[in-house]
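Colleague:
Number of protein chains: 2
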Amino acid sequence: MSTQGSSEKKPPNHAGQPRQSSLAGLREVAVAAHVSTATVSRAINTPHLVSPKLRERIHQAIDQLGWVPDGTARALATKRSYTIGAVFPTLTHGDFARATTAIQQELQARGYTLLLACSDYDLEQEFQQIKKFIERGVDGLILVGENHHPDLDKLLARRSVPIINTFVYSPQTHGTCIGPDNRKLFFDMTRYLIEMGHVVFAIVAQSVQNNDRAEARLQGIQDALAEEGIAVRPQHFAIGQWSISEGRHLFRQVMATQPRPTAVICGNPYLAVGAYLESISMGLEVPQDVSIVGYDDIEVMNHLPVSLTTVRVQSEQVGRNAARYLMARLEDEAIDIPFQCDTEIVIRASSGPPSRKNNPASLSL
Amino acid sequence: MSTQGSSEKKPPNHAGQPRQSSLAGLREVAVAAHVSTATVSRAINTPHLVSPKLRERIHQAIDQLGWVPDGTARALATKRSYTIGAVFPTLTHGDFARATTAIQQELQARGYTLLLACSDYDLEQEFQQIKKFIERGVDGLILVGENHHPDLDKLLARRSVPIINTFVYSPQTHGTCIGPDNRKLFFDMTRYLIEMGHVVFAIVAQSVQNNDRAEARLQGIQDALAEEGIAVRPQHFAIGQWSISEGRHLFRQVMATQPRPTAVICGNPYLAVGAYLESISMGLEVPQDVSIVGYDDIEVMNHLPVSLTTVRVQSEQVGRNAARYLMARLEDEAIDIPFQCDTEIVIRASSGPPSRKNNPASLSL
DNA sequence: TTGTAGGCGTTATCAG
DNA sequence: CTGATAACGCCTACAA
Chain E
8 MSTQGSSEKK PPNHAGQPRQ SSLAGLREVA VAAHVSTATV SRAINTPHLV
58 SPKLRERIHQ AIDQLGWVPD GTARALATKR SYTIGAVFPT LTHGDFARAT
108 TAIQQELQAR GYTLLLACSD YDLEQEFQQI KKFIERGVDG LILVGENHHP
158 DLDKLLARRS VPIINTFVYS PQTHGTCIGP DNRKLFFDMT RYLIEMGHVV
208 FAIVAQSVQN NDRAEARLQG IQDALAEEGI AVRPQHFAIG QWSISEGRHL
258 FRQVMATQPR PTAVICGNPY LAVGAYLESI SMGLEVPQDV SIVGYDDIEV
308 MNHLPVSLTT VRVQSEQVGR NAARYLMARL EDEAIDIPFQ CDTEIVIRAS
358 SGPPSRKNNP ASLSL
Chain L
8 MSTQGSSEKK PPNHAGQPRQ SSLAGLREVA VAAHVSTATV SRAINTPHLV
58 SPKLRERIHQ AIDQLGWVPD GTARALATKR SYTIGAVFPT LTHGDFARAT
108 TAIQQELQAR GYTLLLACSD YDLEQEFQQI KKFIERGVDG LILVGENHHP
158 DLDKLLARRS VPIINTFVYS PQTHGTCIGP DNRKLFFDMT RYLIEMGHVV
208 FAIVAQSVQN NDRAEARLQG IQDALAEEGI AVRPQHFAIG QWSISEGRHL
258 FRQVMATQPR PTAVICGNPY LAVGAYLESI SMGLEVPQDV SIVGYDDIEV
308 MNHLPVSLTT VRVQSEQVGR NAARYLMARL EDEAIDIPFQ CDTEIVIRAS
358 SGPPSRKNNP ASLSL
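If you're matching them up, the sequences are chains E and L in order.
Heads up, the first sequence is in our numbering, so the first residue is 8 and it goes up one at a time.
Heads up, the second sequence is in our numbering, so the first residue is 8 and it goes up one at a time.
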């Protein structure tokens, strides 16, 4: 019956040419190579189970017909799509762009493909995108942060799709996430500034809305300060967008308050660059008048007239390891990757001890 | 990992509930709603063909079972994956990142998903990635540039996958590409500098290896200069990487030559920023001593002590329109989008007329 | 408006 | 090692 069906389905070759009429399939290859479809399938997937002779013949037929296997059919039959979905908050921030590139490279090296979506820091949207990915049959999922839609677990449970949270790490959730310890990272940075003698700190940062990473970093600052009995005054707390112009604006704002901060910690590299550029406009000397530090290292920070102190996160490493971890789980391989990724405080010219005249510490203490 | 894996893999059914045993399918939903599978299928894909009563019952069954349709099966049956593949040279350049974001947004709005790969400016790799995408069953393809692997046409022919080349436009290939007219764009920029009185031009640009866009832009410069009988001297031609530090290096290099250029055209924003920052180190005044202009607008250019003249390309527009064009073709809709995208020369502080003393024109002419 | 019955292109389970 | 043949989960003529 199958023969009947196929003979009726195919539009007749008017031309009489034995060329491919519309789309060559596994079946056509099998016919051309005088073997069964099963053998063709094996020749591609498990070549060692096919005699060299047939293998040769089959491959000849394949690239003679220009056959390209149908991944959707294969996925249906194997329940594996060799596809990984990644949902990032945005792509226009350097760290995520770098991570994405690394993920894609890593996946490609092992025959996987990347599905990508941007949630724009919206949990609901992230959830919908994940759902879409599940529908598309992704084998694994790469997300950012640990804070997701409440229904996510339920959705993932029945499909048992492995998942990894990136750009976060905490000992409590070891094994489910890959990234820097955001809290510790700014804790250390703050300690560095404290040890340098700073007492009045300002924070210029992006919104922590649906951003547990930024939130953790803020917490790190506050924890470090609290140990010294210091708190950030409300007027030294500037939260806004993620841009250079915002950095300028917020910097000017906090520098106009009393007491004037001697150290400004910026939540991302653009804010830091903006803060520094505004300091020039304001005629301030960095770091004599004020120290400026940032988060994440973008190239321009190291090339400005006063290079900017910051903390470098190995975003590529995060992406690469996330991809590797997922693939290892999927292939049931053992893998030993560091879940906590490297970070490094890069001390440059924009940070130094507060000058005596600007530091009201001696007065207020 | 085995302990983790096994414990997560099999969530035992503690409760004796007849809940979903492993994976609910269309069939299960049909049973639960007391209808046929066909009706369920219609209820999701063509709701207007199903009576409200049944529709209601079916949807109830669906989210009671938490059913998520299997996209791979659907794709196999319909020959449509609602998936678009994009291959970019890189993601770490602002323009491509912005375009990618726009593409993803646009696709998502209409239920499509984005497959992404980076070719790293390698034609062979691009070809392999495209092939992979075809295997995965993409409905359409977004590429960059017009220069692709020679076998690409052959590959696409049999599958008839619509394709759109982005970040390029020329009247000759109208309808197959969306982007700026790269040649014209730097032609105009060069004219602007010529009219300002510049005669000695230097070029600081990235490699044109597999980059027809950059090549066209270079051509634009040369064409404009040729009209005035001017050519770029070999010693004023600096080609290198794509980075700020490279920009510094190449700028210093060309400025050390004789005759000293009064205008330096940079092939991308990072080179321009680098060139400007190096000019500071060299103690040069911009634009009195030398004019610096770039390509593409990144935020920092507008915030440096001397803001940088550049040409702005609407990368989001490119991405958005590419996505729309593809979807329109796939849905057999008419669509009227501009294939040539907006560009704008943004004149800022870094460009101006050459000062008399630096301009050897009066001598050489 | 709803149900029935292949079929989409591969893989996988069996025998030979 | 190779060849039939039944899935895989959904869609869609065709019938009712």
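Positions of the beta carbon are idealized from the N, C-alpha and C atoms, including for glycine.
Considering only their Cβ atoms, is the gap separating histidine 243/E from alanine 209/E smaller than 8 Å?
Modeller: Yes, they are a contact pair.
Colleague: Hey, does arginine 34/E have any beta-carbon neighbour from chain L nearer than 8 Å?
Modeller: Judged by the 8 Å Cβ criterion, arginine 34/E is not in contact with chain L.
Colleague: Name the chain L residues whose beta carbon is nearer than 7 Å to that of valine 307/E?
Modeller: Within 7 Å Cβ-Cβ: Ile251, Val280 and Val307.
Colleague: Shortest alpha-carbon distance to serine 115/L belongs to which of Ile91/L, Asp127/L, Glu323/L and Ala263/L?
Modeller: Position check: residue 115/L holds glutamine in this sequence, whereas serine was assumed. The residue with the shortest Cα to Cα distance from glutamine 115/L is Ile91/L.
Colleague: Which runs of the alpha helix (DSSP H) at least 4 residues long sit entirely within the segment 173-211 of chain E? Give them in chain order.
Modeller: The segment 173-211 of chain E contains these whole alpha helix (DSSP H) runs: 189-202.
Colleague: Please list the terminal residues of the continuous beta strand (DSSP E) segment that includes leucine 315/E.
Modeller: Run containing leucine 315/E: none; DSSP gives neither H nor E here.
Colleague: Is there contact between the segment 60-67 of chain E and the segment 103-120 of chain E, where contact requires at least three CB pairs shorter than 8 Å?
Modeller: At 8 Å Cβ cutoff, the stretches do not touch.
Colleague: For alanine 231/E, which residues from the same chain have a beta carbon less than 6 Å from its beta carbon, with the 5 sequence-adjacent residues on both sides left out?
Modeller: So the list reads Phe194, Thr197 and Arg198, once near-sequence residues are dropped.
Colleague: Strictly below 7 Å CB to CB, what residues from chain E border lysine 139/L?
Modeller: Neighbours of lysine 139/L on chain E, chain order: Thr120.
Colleague: What's the gap between the Cα of glycine 254/L and the Cα of serine 214/L?
Modeller: Taking the straight line joining both Cα atoms gives about 13 Å.
Colleague: For arginine 363/E, which residues in chain L fall below 8 Å Cβ to Cβ?
Modeller: Simply none; closest approach about 28 Å.
Colleague: Counting only beta-carbon separations shorter than 8 Å, does aspartate 303/E have a partner in chain L?
Modeller: No, no contact with chain L.
Colleague: Could you give the DSSP three-state label for glutamine 132/E: helix, strand or coil?
Modeller: Here glutamine 132/E sits in helix by DSSP.
Colleague: Below 8 Å, how does it come out for the segment 152-161 of chain L and the segment 109-126 of chain L: are there three or more Cβ pairs, yes or no?
Modeller: Touching, no.
Colleague: Can you tell me which residues form a DSSP beta bridge with glutamate 351/L?
Modeller: Glutamate 351/L is bridged to Arg319/L.
Colleague: Excluding the 5 residues flanking arginine 331/L on each side, which residues of the same chain have their C-beta closer than 8 Å to its C-beta?
Modeller: If we look at arginine 331/L and ignore the five residues flanking it on each side, its Cβ neighbours are Glu113, Ile342 and Ile344.
Colleague: Is it the case that the segment 133-148 of chain L contacts the segment 78-94 of chain E, given that we only count it when at least three CB pairs across the two stretches are under 8 Å?
Modeller: The answer is yes - the segment 133-148 of chain L touches the segment 78-94 of chain E, with three or more Cβ pairs under 8 Å.
Colleague: Roughly how far, in whole angstroms, is the beta-carbon of valine 211/L from the beta-carbon of leucine 150/L, given that I think they are within contact range, below 8 Å?
Modeller: Not quite, the Cβ-Cβ distance comes to about 27 Å (not below 8 Å), so this is no contact.
Colleague: Suppose the cutoff is 7 Å on Cβ atoms and the five residues either side in sequence are ignored; what does the same chain contact list for isoleucine 352/L look like?
Modeller: The answer, listed in chain order, is Asp195, Met196, Tyr199 and Val318.
Colleague: Counting Cβ pairs closer than 8 Å, one from the segment 257-264 of chain L and one from the segment 284-295 of chain L, do we hit at least three?
Modeller: The segment 257-264 of chain L, when compared against the segment 284-295 of chain L, does touch it at the 8 Å Cβ threshold.
Colleague: When Cβ atoms are compared, which residues of the segment 144-163 of chain E fall closer than 8 Å to chain L?
Modeller: Those would be Gly144, Lys161 and Leu162, in chain order.
Colleague: Taking DSSP as the reference, what is the three-state secondary structure of isoleucine 342/L?
Modeller: In this structure, isoleucine 342/L counts as coil in the three-state DSSP scheme.
Colleague: Counting Cβ pairs closer than 8 Å, one from the segment 124-139 of chain E and one from the segment 122-131 of chain L, do we hit at least three?
Modeller: Verdict: no, contact absent.
Colleague: Against chain E, does histidine 66/L count as a neighbour if the rule is that its beta carbon must be under 8 Å from one of theirs?
Modeller: Closer than 8 Å: no.
Colleague: With a 10 Å radius around its C-beta and 16 neighbouring C-beta atoms as the bar for buried, classify leucine 333/L as buried or exposed.
Modeller: Its Cβ being crowded by 16 or more others within 10 Å, leucine 333/L is buried.
Colleague: Kindly indicate which three-state DSSP category valine 271/E falls into: helix, strand or coil?
Modeller: Here valine 271/E sits in strand by DSSP.
Colleague: Spatial neighbours of alanine 50/L within its chain, please: C-beta separation below 6 Å, excluding the five flanking residues on both sides.
Modeller: Answer for alanine 50/L: Val57, Arg62 and Ile65, listed in chain order.
Colleague: Here's the rule I'm using: 16 or more other beta-carbon atoms within 10 Å means buried, otherwise exposed. How should glycine 359/E be labelled?
Modeller: It is buried - the Cβ of glycine 359/E has at least 16 other Cβ atoms within 10 Å.
Colleague: Which value, in whole angstroms, describes the spacing of the CA atoms of alanine 329/E and glutamine 179/E?
Modeller: Approximately 18 Å between the Cα atoms of the pair.
Colleague: Any beta-carbon of chain E closer than 8 Å to the one on glycine 375/L?
Modeller: No information on residue 375/L is available, as it lies outside the stretch 8 to 372 that chain L covers here.
Colleague: Suppose the cutoff is 7 Å on Cβ atoms and the five residues either side in sequence are ignored; what does the same chain contact list for glutamine 248/L look like?
Modeller: These residues qualify, in order along the chain: Gln213.
Colleague: Of all the options Glu235/E, Gln347/E and Arg363/E, which has the alpha carbon lying nearest to the alpha carbon of threonine 183/E?
Modeller: Among Glu235/E, Gln347/E and Arg363/E, the Cα nearest to that of threonine 183/E belongs to Gln347/E.
Colleague: With leucine 163/E as the anchor, note down where its alpha helix (DSSP H) starts and where it stops.
Modeller: Note, leucine 163/E: alpha helix (DSSP H), 159-166.
Colleague: List the residues of chain L whose Cβ lies closer than 8 Å to the Cβ of threonine 108/E, in chain order.
Modeller: Per Cβ cutoff of 8 Å: Thr97, Leu98, Thr99 and Cys125.
Colleague: Valine 47/L lies in the alpha helix (DSSP H); which residues open and close that run?
Modeller: Taken as a continuous stretch (DSSP letters only), the alpha helix (DSSP H) holding valine 47/L covers 44-52.
Colleague: Quick one: Cα of phenylalanine 134/E to Cα of serine 177/E, how far?
Modeller: Going from the Cα of phenylalanine 134/E to the Cα of serine 177/E covers about 23 Å.
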